[in-house]
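Chains as they are written, first to last, in UniProt numbering: chain E, 1 to 351; chain L, 1 to 351.
Where a beta carbon is used, it is the ideal one built from N, C-alpha and C, also for glycine.
To start, the structure under review is shown below, and the notes come after it.
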DNA sequence: GTGAAAGCGCTAACAG
DNA sequence: CTGTTAGCGCTTTCAC
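What follows is the structure, given as structure tokens:
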């Protein structure tokens, strides 16, 4: 009798290899892998040891062929966040491919089609959703998306709630840190441009600014706080108001880079040098921040990393859901970073 | 005898369904699907008809389990092109997922790690590569990437050559169209800011500008042509030189949006209104173009669409390669679009 | 608690 | 040119 010829072995260990090594049947190994029901403690340990030793990992193709539904995650994005988008995609793709999760991305432009986009994704069979900024802050979108019982994570935005898993940097702390940095430079009159009132992060950033001022014993002057909407144009208007003040600020901290860039433009139009006559700082570290001159000192959110986390958390939720368990909604904070570039300096007439 | 029970049918048609309907064996169907070698014309037609009727599409899991290596495409990107990146990703992902091609993305920061990045991708078993701008224009990167015999497509950049499949808009025609647009507005003195001499597109854009001028019978004034490097800073310097000219231009056409934005900033610093005192146009339609005020009239490249095409072309190449055939290197041009926004107007003292 | 048998949908190898 | 057989790696069903 001739030796059976391996037709096409990938070389990597199979469930049978593990079974043989552990001295059990493939079936039992399968049970162990899939959070199995009834397996003796000792058996489970033996099998896990074998798995480790062989560096075994299940073949996803075989698995899905045999009937296990692969995990699918939907990612909803909207144009306004285009600056984030590439980082979000790079991060989530990277993780998704590593843990064999399918990622389906769909564009969603409220108020037009957020319902359709969501339904489209659900029809495609996704088991959970990632909502990117600024979608996370639109209540109507959140409502639609959390209608079913699939888990949803809001990435960089959104109000932590019972319906949503959220992943954010600590906007309060970040704004606090930046303001403190400015105070440390010697600034006393620091203008602040608020972000869109529609996004939860705006309020948190404003509070951080206030807190740092309070801590330094600098009274908050309401004239130094101008409303913006995260757009360049709104930044232009807000910065103009700030510069027209009798006692104009020596520094402007804008709630995002677009508005900070606008503040720089306003300063230039008025013949002011940045940073020598005016310090300007932003938030987000988008491409904008390092494209203009001077490059902006700003706060960087580790978006790619946060996207990776989002995929992980969602996957855990989906697995838990499948197993009939239920995890509490987590609200994770990621570490921000203050990126010092060329747009800040001590105020002119500091000693 | 009892009817065999379907254990877990996904419901969708299988290769056997098709075979039954067409009156052949599954194997023959398989041959037809996979560019099969020896199948009678009539058989092939019958099977294709059955496929269409059943709306059959092969199950990728079963396929890969049965030993067909799935197609993997590597996508190399570099930070400078961050503006493109999201569009590139969205487009290529979309197409890749639709035709069941795996996409592996890797970051590559020349001159540091382009060799490692490429090798990393090749180790991961990719069968072809997509090179995004500005990587396509770095000869050393192109050299490394085309070292093996895997096909490579250069997306938006690169010199059409025998080693590279390229996909570009017709930079010459696009610049020609924009210049003609400016002339149509009544401008006679049109400044031009050249892009980086390192990128092939820069030269093509300059030629388009020249051609439109020539056609209109406007003599080319070399003082109106300034060198830039695609960066905001270089745009600042170039625009400054242009504005200092005794006979300053009434319009500036910059080879990308960053430099156009810089030109706007320079105009503002000099107390000039855009577009009433100076028209400024860009190229690329990056986020920058519509973030600043006034929003830039610019040329839009359909990057997402081009990325989709890239995936398609590469897949065809890989398939041909597997079948032992070899396709000629194609150099595709995509249709650009002139996006009219608020930064252009007729010159001030036109009738 | 554990295992044996069967089959998911497809394709490589080998006939005819 | 076409069909038969076997098996990819896994899980389900059902038996012990």
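Buried or exposed (CB count within 10 angstroms, at least 16 for buried), residue i
| i | result |
| --- | --- |
| residue 27 of chain L | exposed |
| residue 276 of chain E | exposed |
| residue 282 of chain L | buried |
| residue 344 of chain L | buried |
| residue 92 of chain E | buried |
| residue 23 of chain E | exposed |
| residue 355 of chain E | Limits of chain E in this structure are 1 at one end and 351 at the other, which puts residue 355 of chain E out of reach. |
| residue 90 of chain E | buried |
| residue 112 of chain E | exposed |
| residue 328 of chain E | exposed |
| residue 70 of chain L | exposed |
| residue 202 of chain E | buried |
| residue 98 of chain E | exposed |
| residue 284 of chain E | buried |
| residue 215 of chain E | exposed |
| residue 244 of chain E | exposed |
| residue 12 of chain E | exposed |
| residue 219 of chain L | exposed |
| residue 242 of chain E | buried |
Residue i (DSSP reduced to helix, strand or coil)
| i | result |
| --- | --- |
| residue 203 of chain L | helix |
| residue 348 of chain L | coil |
| residue 224 of chain E | helix |
| residue 141 of chain E | helix |
| residue 168 of chain E | strand |
| residue 254 of chain E | strand |
| residue 100 of chain E | coil |
| residue 266 of chain E | helix |
| residue 215 of chain L | helix |
| residue 105 of chain E | strand |
| residue 44 of chain L | helix |
| residue 296 of chain L | coil |
| residue 285 of chain E | coil |
| residue 50 of chain L | helix |
| residue 12 of chain E | coil |
| residue 71 of chain E | coil |
| residue 177 of chain L | helix |
| residue 332 of chain L | strand |
| residue 337 of chain E | strand |
| residue 155 of chain E | strand |
| residue 327 of chain E | coil |
| residue 343 of chain E | coil |
Proximity below 8 Å, CB of residue i to CB of residue j
| i | j | result |
| --- | --- | --- |
| residue 153 of chain L | residue 163 of chain L | no |
| residue 289 of chain E | residue 155 of chain E | no |
| residue 106 of chain L | residue 73 of chain L | no |
| residue 165 of chain L | residue 313 of chain L | yes |
| residue 158 of chain E | residue 195 of chain E | no |
| residue 150 of chain E | residue 187 of chain E | no |
| residue 252 of chain E | residue 193 of chain E | yes |
| residue 333 of chain E | residue 168 of chain E | yes |
| residue 250 of chain L | residue 278 of chain L | yes |
| residue 363 of chain E | residue 78 of chain E | Examination of residue 363 of chain E is not possible in this model, given that chain E is present from 1 through 351 alone. |
| residue 21 of chain E | residue 76 of chain E | no |
| residue 315 of chain E | residue 101 of chain E | yes |
Closer than 7 Å at the beta carbon, the chain E residues around residue i
| i | result |
| --- | --- |
| residue 292 of chain L | 232 |
| residue 433 of chain L | Here chain L comprises residues numbered 1 to 351, so residue 433 of chain L is not present and cannot be evaluated. |
Contacts that residue i makes with chain E (C-beta to C-beta distance below 9 Å)
| i | result |
| --- | --- |
| residue 223 of chain L | Chain E residues near residue 223 of chain L: none, gap ~24 Å exceeds 9 Å. |
Neighbour list for residue i in chain L, Cβ cutoff strictly below 7 Å
| i | result |
| --- | --- |
| residue 258 of chain E | 291 |
| residue 268 of chain E | 265, 268, 269 |
| residue 64 of chain E | 61 |
| residue 253 of chain E | In chain order: nothing, as chain L lies at least about 19 Å away. |
Chain E residues whose Cβ lies nearer than 8 Å to that of residue i
| i | result |
| --- | --- |
| residue 86 of chain L | 82, 85, 86, 89 |
| residue 172 of chain L | What residue 172 of chain L touches in chain E: nothing, since even the nearest Cβ is about 26 Å away. |
Partner residues on chain L for residue i, Cβ-Cβ distance less than 8 Å
| i | result |
| --- | --- |
| residue 236 of chain E | 293 |
| residue 283 of chain E | Those do not exist, as residue 283 of chain E stays about 15 Å from chain L at its closest Cβ, beyond 8 Å. |
Problem set entry | Cβ contact (3+ pairs, closer than 8 Å) linking the segment 10-21 of chain L and the segment 200-215 of chain E | no
Exercise. Does the segment 321-333 of chain L come close enough to the segment 287-297 of chain L that 3 or more CB-CB pairs lie under 8 Å?
Worked result: no
For this session: Would you check if the segment 223-239 of chain E and the segment 255-274 of chain E touch, i.e. whether three or more CB-CB distances between them fall below 8 Å?
Result: yes
Problem set entry | Three CB pairs or more closer than 8 Å across the segment 83-90 of chain L and the segment 135-145 of chain L | no
Problem set entry | Inter-stretch contact at 8 Å, needing at least 3 Cβ pairs: the segment 333-351 of chain L / the segment 109-126 of chain L | no
Exercise. Between the segment 34-50 of chain L and the segment 38-49 of chain E, are three or more C-beta pairs nearer than 8 Å?
Worked result: no
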